[in-house]
Each structure stands twice: as C-alpha cells, then as structure tokens.
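Structure, as structure tokens:
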Amino acid sequence: MAKSRVSYVCGACGAESSKWAGQCADCGAWNTLSEVVAASAPKGRFAGYAGETAAQVVRLPEVESSEESRTPTGLPELDRVLGGGLVGGSVTLIGGDPGIGKSTILLQTLARLSARMPILYVSGEESRQQVSLRARRLGLGDADLGLLTETCVERMLAVARQERPKVMAVDSIQTVFTEQLQSAPGSVSQVRESAAQLVQFAKREGIALFLVGHVTKEGTLAGPRVLEHMVDTVLYFEGDAGNRYRVIRAIKNRFGAVNELGVFAMTEKGLKEVSNPSAIFLSRHAEPVAGSVILVTREGSRPMLVEVQALVDESHLANPRRVTLGLEQNRLAMLLAVLHRHGGIAMYDQDVFVNVVGGVRVSETGADLPVLAAILSSFRDRPLPTDLVVFGEVGLAGEIRPVPNGLERLHEAAKHGFRRAVVPEANAPKKGSLEGMEVVRVRRLREALEQMQ
Ligand code: TYD
Ligand code: MG
C-alpha cells in the first residue's frame with residue numbers, strides 16, 4: 026500500500042496544515058488540530074474520474090425505485106426505531122453510556138438474525154470467552170454467529186471479504202484503528218477514518234453494518250459528532266444505567282422517522298421488550314403530592330404518560346439554580362419568565378428543579394404547561410389531583426398553543442383511568458368530555474393557572 030500523507034485539520038474552521046500546532050493559524054482556536062489522512066491529490070482536473078465515463082443525468086421519474094427490502098430483527102421495538110426493520114447496505118450507529126446495554130442488544134439481535142443469514146460480530150472490547158459467556162447467559166449460546174476479536178480495520182475488512190456476512194457489527198468503533206494513522210485508537214481522526222473505511226465497505230458490498238459508539242462525558246459520541254453524518258441511522262440509549270428501563274431513540278434515520286422510541290427493560294436474561302410502555306414512567310403516589318404532574322407526551326408515533334416533578338425552594342444564591350433532568354434547561358428559564366410576565370408569579374428568589382421521572386427525555390413543547398403546573402404546585406405546596414393530566418405549549422405572549430395529535434393523547438389518558446385533562450383549546454374535543462374524562466380547554470396562561478389551583 027502506498028504510504029499516505031498525513032495532515033492536520035482544525036476541528037473548528039476546517040483549515041488544513043502540514044504540521045501540528047497548539048493553536049490553529051487560521052481561526053486562532055486552541056487544541057483543535059487533529060490528524061487526518063490526506064487523500065493524494067488527483068492530477069489534472071478530471072483525474073479523479075480516470076477510466077470512468079462521465080456520469081449521466083437522469084430524469085427523476087425515470088429512476089427505478091426499488092422498495093428497500095427490510096429484514097425484521099426479531100425485536101419489534103428495535104424494528105420500530107429502525108423504521109420497520111433492517112435495510113441491506115445501511116449503516117446504524119448505536120450510541121450510549123458505558124454499561125447501558127449496547128453490546129447486549131446487539132448480541133440479542135445478531136443471534137436472532139443468525140438463523141437466517143451469515144453474521145459477523147467483531148468485538149474490540151471483549152474476548153471471545155466474554156462474548157460467549159454473555160451469549161450463554163442470554164440463552165443464545167448456540168446461535169451460529171461469526172465471532173472475531175480484532176481492532177485493526179484493515180484486517181477486519183480482509184476477514185469480512187472472505188466471510189461475506191450479510192450483517193456485520195463492530196463493537197466499539199472507539200477501539201478500532203487504521204494502520205494509515207499513527208494516532209491512538211479512540212482519537213477523532215482514528216474513529217473517523219476507520220468508520221469511513223467500514224462504511225464504504227458496507228455500502229459497496231450491501232452489508233447492513235452496526236457500529237457501537239461510546240458517549241463521552243460531555244454527552245457526544247467521541248469525536249464531536251464526526252460519525253453522525255457518515256451513517257444512515259443514529260440510535261441513542263437514553264436514561265442511565267441505574268434505571269431498569271432502557272429507552273432507545275432514533276435521532277437520525279434515512280429510512281424512517283426520527284424521535285421514534287423503543288422501550289426495553291434490562292433483566293437478568295438481557296433486554297426484554299416493553300411493548301406497551303405508555304404508563305411505565307408513572308410513579309403512582311398513594312396520596313397526592315405537591316410538585317407532581319402527569320403529562321401526555323408523544324414521542325415518535327405513540328403517546329406516553331410521563332410524570333414531571335418540580336421542587337421549588339427558597340434560594341440563598343445570587344443566581345438561583347435552574348436545574349432540569351430530561352428537559353431542556355433554556356426552556357425552563359423561558360417558562361419562568363412567561364410565568365412572571367403573564368401569570369404574575371415571580372421565581373427570582375427561588376431555586377427550581379424539574380425532573381422527568383424514569384430517565385426518559387421529553388423533547389417536545391407539550392411539556393411546557395405541565396412543567397409550569399408542577400412548579401406552581403410545589404411553590405404553593407398544594408398537590409394537584411392524581412387523576413389529572415396536562416399538556417400544551419406555552420408561547421412567549423402567554424398563550425397556550427396546541428400540540429400535534431391532541432385527541433390521541435387524550436384517548437391514551439382516558440384509557441389509563443385519568444378523569445380530568447387541562448389542554449389547549451384546539452386540542453380539546455368539541456363537547457368538552459371524552460370517554461368519561463372531563464376536558465378543560467384553556468387559551469391563556471392565566472386561565473390555565475386558575476384551572477389548576
Ligand atoms: P452492556 O451491553 O455490556 O453495555 P455496553 O455495551 O453498552 O457498555 O451492558 C452491560 C450491563 O447490563 C451490565 O451492567 C450488566 C447488565 N446486564 C444485565 O443486567 N442482564 C444481562 O442479561 C446482561 C447481558 C447484562
Ligand atoms: Mg459493550
């Protein structure tokens with residue numbers, strides 16, 4: 026193999042230099058240069074296309090559309106986040122904290138698939154014994170799975186060319202290195218370069234490829250998002266390893282919808298699917314407690330009942346604390362400002378903590394009104410009824426705005442025995458009740474606050 030040239034690229038501005046330096050000469054950012062393999066410069070303007078005839082322009086309707094064939098993985102919750110099954114030639118990145126269950130779900134999926142097609146599982150983290158022990162523990166000890174312990178991407182690809190698997194998994198991409206670079210495995214350039222080689226191989230051979238990526242302390246996949254644009258699908262494990270439930274979310278999917286959730290429970294026999302997760306994130310209190318509100322959120326394509334808890338406490342800090350878990354922090358600051366201006370309730374001398382129970386992340390605006398309701402309930406130390414659900418977006422002008430699929434959310438709440446709902450006007454049914462549940466419609470924040478005294 027020809028010795029390739031190594032150069033350094035600034036992660037902030039993209040400037041290239043031949044030598045490493047602590048500061049980028051172009052944009053002045055510190056510590057942003059990282060090593061990359063420089064592609065050998067093509068000679069002449071079209072040298073890159075040597076030997077190829079010029080590509081043809083095709084009219085869109087003339088492009089033959091072949092439905093991509095999907096292979097069910099055997100885990101319907103995983104199929105759901107993948108957009109209906111595994112697509113040949115697609116690359117899926119599975120990210121998450123260490124110990125959350127990435128290797129477990131991969132092994133469970135591959136073992137199931139191995140009955141139907143050749144599989145290659147490449148582990149750079151665990152020995153063969155460890156993998157086989159885990160497989161036995163999962164009751165999958167005799168799955169016909171090709172197992173390889175290897176960290177060099179060139180050798181990995183050489184084996185894959187011989188084995189011709191239909192599905193291949195690399196666990197984890199941070200342990201993989203390419204011979205073309207001198208930097209340590211796990212560095213941005215190694216991760217990017219090795220992943221690029223694997224992706225190219227998978228696309229060319231039509232192999233469905235899984236890459237496992239650890240999330241760094243800062244919450245990004247190592248190498249600031251370098252992998253996300255290279256792959257077709259990005260699945261993230263949410264929540265923490267201390268919780269029994271594991272939520273997988275699609276944050277990018279070229280073959281399906283994003284924000285789709287798959288819910289699993291970690292048991293001593295691996296990950297078990299939770300096919301009706303709608304109410305698992307509720308902690309049913311025997312007595313009504315202040316600061317707790319049930320919200321109906323809609324993640325992906327199904328509604329879910331989730332409990333929001335708030336704690337408001339007198340602050341002794343110059344800058345009172347605003348802490349959120351499972352929600353966006355800036356959104357809380359905004360909601361508190363709206364509460365002050367349009368509800369007349371000031372929180373500038375109070376610490377405010379908001380938590381979504383169960384480690385699930387709520388990324389939609391339907392949580393606005395419930396969050397304010399929980400904050401107010403805690404502030405006044407006055408519990409809200411336990412059979413009440415709330416959802417709705419709060420606008421900067423103090424208006425309560427509708428959220429998508431209001432009726433579907435209300436049906437879900439009614440199904441779980443809730444008797445009262447406070448919702449945006451446009452989301453409520455005309456007659457003011459639904460399946461025996463009283464639905465109160467609100468237009469302004471003040472109205473909503475009056476309803477939730
Ligand atoms: P793992 O898949 O190794 O995590 P990752 O690859 O994301 O780092 O998950 C390991 C955790 O799951 C570990 O803490 C033990 C637990 N676990 C179970 O509770 N039951 C099981 O059957 C298995 C295989 C693991
Ligand atoms: Mg692992």
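Counting in the numbering used here, the sequence shown runs from 26 upward without gaps.
Virtual Cβ for every residue (Gly too), placed ideally from N, Cα, C.
Counterpart residues of residue i in DSSP-defined beta bridges
| i | result |
| --- | --- |
| H239 | G121 |
| A168 | BP columns for A168 are empty, so no partner. |
| Y33 | S42, E60 |
| E339 | Q375 |
| Q48 | W55 |
| R95 | V112 |
| R444 | For R444, which the question treats as bridged, DSSP gives no partner whatsoever. |
| D196 | S148 |
| V156 | Per DSSP, none; premise fails for V156. |
| K297 | A290 |
| Q207 | In the DSSP output, where bridge partners are listed per residue, Q207 has none listed. |
| V251 | In DSSP, V251 forms no bridge with anything. |
Environment of residue i [buried if 16+ CB atoms lie within 10 Å]
| i | result |
| --- | --- |
| N301 | exposed |
| A16 | A query on residue 16 cannot be resolved here, the shown segment of the chain reaching from 26 to 478 and no further. |
| R486 | Nothing can be reported for residue 486, as the shown portion of the chain is limited to 26 through 478. |
| A343 | exposed |
| Y146 | buried |
| R274 | buried |
| L474 | buried |
| N452 | buried |
| G461 | exposed |
| Q199 | buried |
| Q205 | buried |
| L85 | exposed |
| Y33 | buried |
| M142 | exposed |
| C35 | buried |
| V83 | exposed |
| E437 | buried |
| F285 | According to the sequence shown, residue 285 is Glu rather than Phe. With 16 or more Cβ atoms within 10 Å of its Cβ, E285 is classed as buried. |
| L421 | exposed |
| S152 | exposed |
| R105 | buried |
| A282 | exposed |
| S94 | exposed |
C-alpha distance - residue i paired with residue j, whole-angstrom precision
| i | j | result |
| --- | --- | --- |
| L158 | M329 | 36 Å |
| I370 | L357 | 14 Å |
| R426 | G126 | 38 Å |
| Y270 | I130 | 13 Å |
| L103 | G287 | 6 Å |
| L401 | M477 | 9 Å |
| L173 | A140 | 18 Å |
| G21 | G368 | With the chain covering 26 to 478 only, the question about residue 21 has no answer from this structure. |
| K455 | T411 | 25 Å |
| S458 | V251 | 50 Å |
| L296 | S317 | 30 Å |
| V428 | V419 | 10 Å |
| P408 | A227 | 55 Å |
| S148 | V178 | 12 Å |
| V331 | F378 | 17 Å |
| A362 | E463 | 30 Å |
| C327 | D338 | Residue 327 is actually Arg in this sequence, not Cys. Those two C-alpha atoms are separated by around 35 Å. |
| V88 | R229 | 20 Å |
| P249 | K191 | Note on P249: pLDDT 44, under 50, position unreliable in the model; the coordinate value appears next. Straight-line Cα distance between these residues: approximately 30 Å. |
| P101 | F289 | 11 Å |
| R445 | V414 | 6 Å |
| V184 | S388 | 42 Å |
| T134 | Q222 | 24 Å |
| V61 | N355 | 36 Å |
| F443 | G431 | 15 Å |
| E41 | P210 | 22 Å |
| V527 | A392 | For the chain, the structure presents residues 26 to 478; residue 527 sits outside this window and is missing. |
| T258 | D374 | 44 Å |
| R565 | V314 | Outside the shown range of the chain, which is 26 to 478, sits residue 565, and nothing can be said about it. |
| G39 | E218 | 16 Å |
| A75 | M181 | Reliability fails at A75, whose pLDDT of 49 lies under 50, so the model's placement of it is uncertain and the value that follows must be treated cautiously. Each residue's alpha carbon lies about 29 Å from the other. |
| S212 | K44 | 17 Å |
| G171 | T349 | 44 Å |
| P449 | T98 | 39 Å |
| A523 | R161 | Nothing in the structure corresponds to residue 523, since the chain is present only between 26 and 478. |
| V396 | S308 | 17 Å |
| H254 | L234 | 15 Å |
| D196 | G423 | 49 Å |
| Q48 | V240 | 26 Å |
| field | Heavy atoms of the ligand MG versus C-beta positions, residues under 6 Å | value | Going along the chain, the residues that qualify are K127, S128, E150, D196.
| said: Using 8 Å as the cut-off, can you tell me whether the segment 310-323 makes contact with the segment 260-278, which would need three or more C-beta pairs spanning the two stretches below that distance? | reply: With fewer than three CB-CB distances shorter than 8 Å, the segment 310-323 does not count as touching the segment 260-278.
| Meets three-Cβ-pair contact criterion under 8 Å: the segment 258-273 and the segment 111-126 | The way I'd put it, the segment 258-273 does touch the segment 111-126; three or more beta-carbon pairs between them come closer than 8 Å.
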